[in-house]
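These protein sequences, in sequence, are chains G and P. Position one of the first sequence corresponds to residue 234 (the working numbering), numbered consecutively onward. Position one of the second sequence corresponds to residue 3 (the working numbering), numbered consecutively onward. C-beta atoms are modelled at their ideal positions from N, C-alpha and C, and glycine is treated no differently. Each remark here refers to the structure printed beneath this line.
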Amino acid sequence: MVVALRAASVIAFVLLWEWAARVPISFNFPSPWATLTALVALLRSGAILSATATSLQSLALGFGIAIAVGVPLGLVMGVVRPVGRVARVYLDLLIALPTAALIPLVILSFGINILSSAVIVFVFSVPFVTMNAYGGVRDVRPRLLEMAHAFDASRWQVFVRIVLPSALPMILAGIRYALSRAFVGLIVAELLLSPFGLGRLIMASRSMFEHDRMFATVLWTLLLAGVALAALARLEGRLLRWRT
Amino acid sequence: MAPRPVEIVVDGVSKAFGTVQALVDVHVRVRAGEFLSLIGPSGCGKTTLLKTIAGLVAPDSGRVVVGGRTVEGPGRECSVVFQDFALLPWATVQKNAEFGLLLRGVPAAARAERARGMIAKVGLAGFEHAYPAQLSGGMQQRVGLARALAVNPQVLLMDEPFASIDEQTRRVFQDDLLQLWSEERKTVVLVTHSMEEAIYLSDRVVVLSPRPGRVHQVLEVPLPRPREGAGVRATAEFARLVDDLWKVLRKLQ
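What follows is the structure, encoded as structure tokens:
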């Protein structure tokens, strides 16, 4: 049922796209077929693969640090309430921040390189990782804490045996959401600042009016994000098997 | 194996939450090995009293002595069974039953063996690898009981353990609990709002009055044991005792 629906939705999307390409609403709007052809060409030439490798480096660096910083920070915020109350104001502001506007500042600080886009990826994704870890800790069922106390558990035991597993589903959901934010951040960074990776390929194609190549690169980025998200969802399903 | 049951002395315990006086000068003596129930209208502080014995709530004045030791926090003498089971949803039946032993640093092999034995005793053999969400309420509470008993406490404190379980399941479970109690000989304190349950299970029933909570009356239950499976519920004596209890509680409403 789900599989059939999925297939139908993909077909409907491609048909809609094909129709949009035939209607003269825009200059040189590439059809699905033209886009696919361009994508194959980009893959053959290897251009898109080297761009992908560069982009994934920024992504892995920025997103990895976002998890390494965000999860512990959120946990501390949840466990030490005063820290949580202070820090969440900054997180709320960070989420509302027009991050793209910060990019010149990032270039000034870090230079035009992979590190800069990693910083943007980090800024895009870290608030969501942190917020969910924080929320996960605050959602722990008080009864489970009471039960552990009744067994005279130490603070460390309560944290490791009750708080952490209770917060895990929300932490993982936060990581998954933050990953899609990280992809957005990556492309924004590469479009606006650094002549690297997939963003540069998109910019270059656009400036040459090679819209099929531009579309192909966007499609490829979406595919990458989709695969990464699906992999995370699988991992989540595995770690949270008890929820079925 | 089974430790000697101990006496519990609640000695002039008072407790207020803000302006609400939950307990005032409560005196209760639970004999070693006795099955005692606390009953009373809602708001009479019966759960607060149970948590005070468990060391989860500190009294404002007075003290609780369990087996000669004044309670100053949760101790090894007592295990608690909760109304909503308080199971770890991410852990299997086996791991849940092991939880108290894990917190007390019992080595893995001994832990697994002891928990498996207890799971069998509460009638859940074969369900070791199930998760709580896959079990009925009655079965989940059996896991809660196995977890409480696995650490081999001298006192079992039960906070409305059958309240969220349907009637048929509850009756079978009550009989199983009596059977287990006769084998393990713990001192049991049970909080309940069911008069039939209090009479059927207990040696004595303590009636608490509400706002502020204090001991109103103590009823003896002279029904012979073993009661399980003996058709005690159908006897005139049982009906009379429930009615006596009802007459006491009615005046407190």
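Checklist entry - Start and end of the alpha helix (DSSP H) containing K53(P)? => result K48 to A56
Checklist entry - Would you report the Cα separation of A411(G) and V359(G), rounded to the nearest angstrom? => result 7 Å
Next on the checklist: Is W389(G) close to chain P? Criterion is C-beta to C-beta, closer than 8 Å.
Outcome noted: no
Item to check | Cβ of H382(G) within 8 Å of any chain P Cβ | outcome: yes
Checklist entry - From the beta carbon of A56(P), is the nearest beta carbon of chain G less than 8 Å away? => result yes
Item to check | 8 Å Cβ cutoff, P398(G) in contact with chain C | outcome: No chain C is present in this structure, whose protein chains are G and P.
Checklist entry - Do the CB positions of F429(G) and E423(G) come within less than 8 Å of each other? => result yes
Checklist entry - With DSSP run on the structure shown, which of helix, strand or coil describes V66(P)? => result strand
Next on the checklist: Taking the alpha carbon of A10(P) as the reference point, which residue from E239(P), V174(P), G47(P) and V190(P) has its own alpha carbon closest?
Outcome noted: The question names Ala, but residue 10(P) is Ile in the sequence shown. Comparing Cα-Cα distances from I10(P) to each of E239(P), V174(P), G47(P) and V190(P), the minimum goes to V190(P).
Next on the checklist: Here's a check: name, in chain order, each residue in its chain whose Cβ is nearer than 7 Å to the Cβ of V352(G), leaving out the five neighbours to either side.
Outcome noted: G295, V339 and F343
Checklist entry - Do you know whose CA, among H29(P), D27(P), W92(P) and G35(P), lies nearest R6(P)'s CA? => result G35(P)
Next on the checklist: Within 8 Å, do at least three Cβ pairs link the stretch 41–49 of chain P to the stretch 202–216 of chain P?
Outcome noted: yes
Item to check | Close beta carbons around F164(P), own chain, < 8 Å, minus the five adjacent residues each side | outcome: Q143, R172, F175, Q176, T194, S196 and E199
Next on the checklist: For a quick check, are the C-beta atoms of G102(P) and F384(G) less than 8 Å apart?
Outcome noted: yes
Next on the checklist: So, for E222(P): in the same chain, excluding its five sequence neighbours on each side, which residues have a beta-carbon less than 6 Å away from its beta-carbon?
Outcome noted: R206
Checklist entry - Looking at S438(G) and Q450(G), is the spacing between their C-beta atoms short of 8 Å? => result Position check: residue 450(G) holds Thr in this sequence, whereas Gln was assumed. Yes, the pair counts as a contact, with Cβ atoms nearer than the cut-off.
Item to check | Test: W92(P) CB closer than 8 Å to a CB of chain G | outcome: yes
Checklist entry - What's the C-alpha gap between R216(P) and V28(P)? => result 5 Å
Item to check | Limits of the alpha helix (DSSP H) - the one that L412(G) falls within | outcome: L397 to L425
Checklist entry - According to DSSP, what are the bridge partners of E192(P)? => result Per the sequence presented here, residue 192(P) reads as Leu, with Glu not at that position. L192(P) is bridged to S39(P) and M160(P).
Next on the checklist: Let me check one thing: in DSSP terms, what residues is I336(G) bridge-paired to?
Outcome noted: Beta-bridge pairing links I336(G) to no other residue.
Checklist entry - When the Cβ atoms of the stretch 154–170 of chain P are set against those of the stretch 71–85 of chain P, are three or more pairs found closer than 8 Å? => result yes
Next on the checklist: What does the alpha-carbon distance come out to for the pair I408(G) and S166(P)?
Outcome noted: 36 Å
Next on the checklist: Beta carbons nearer than 9 Å to chain P: which residues of the stretch 354–378 of chain G have them?
Outcome noted: R374, R376 and L377
Item to check | Contact set between V82(P) and chain G, taken where Cβ atoms lie within less than 9 Å | outcome: E379, M380, A383 and F384
Item to check | chain G contact for G139(P) (CB, 8 Å cutoff) | outcome: no
Checklist entry - How is the alpha helix (DSSP H) around K17(P) delimited, first residue to last? => result Note, K17(P): premise wrong, no alpha helix (DSSP H); beta strand (DSSP E) at I10 to F19.
Item to check | In DSSP terms, what V217(P) is bridged to | outcome: L210(P)
Checklist entry - Since P263(G) contacts E251(G) with CB under 8 Å, what's their CB separation in whole angstroms? => result Their Cβ separation, rounded to whole angstroms, is 11 Å, which puts P263(G) and E251(G) out of contact at 8 Å.
Next on the checklist: I'd like to know whether the C-beta of W475(G) is nearer than 8 Å to at least one C-beta of chain P.
Outcome noted: yes
Checklist entry - Residues bridged to Q23(P) by DSSP? => result A18(P)
Item to check | Cutoff 8 Å; reference L462(G); Cβ partners in own chain excluding five residues on either side | outcome: R409, L412 and S413
Checklist entry - Out of T287(G), P315(G), M380(G) and F246(G), which has the shortest C-alpha to C-alpha gap to S350(G)? => result T287(G)
Checklist entry - Using the beta-carbon count (16 or more within 10 Å), is S39(P) buried or exposed? => result buried
Checklist entry - Exposed or buried, W389(G), counting other C-beta atoms within 10 Å across all chains shown (16 or more means buried)? => result exposed
Checklist entry - Taking just the CA atoms, how far does P61(P) sit from T344(P)? => result Residue coverage of chain P in this structure runs from 3 to 255, which leaves residue 344(P) outside it and unanswerable.
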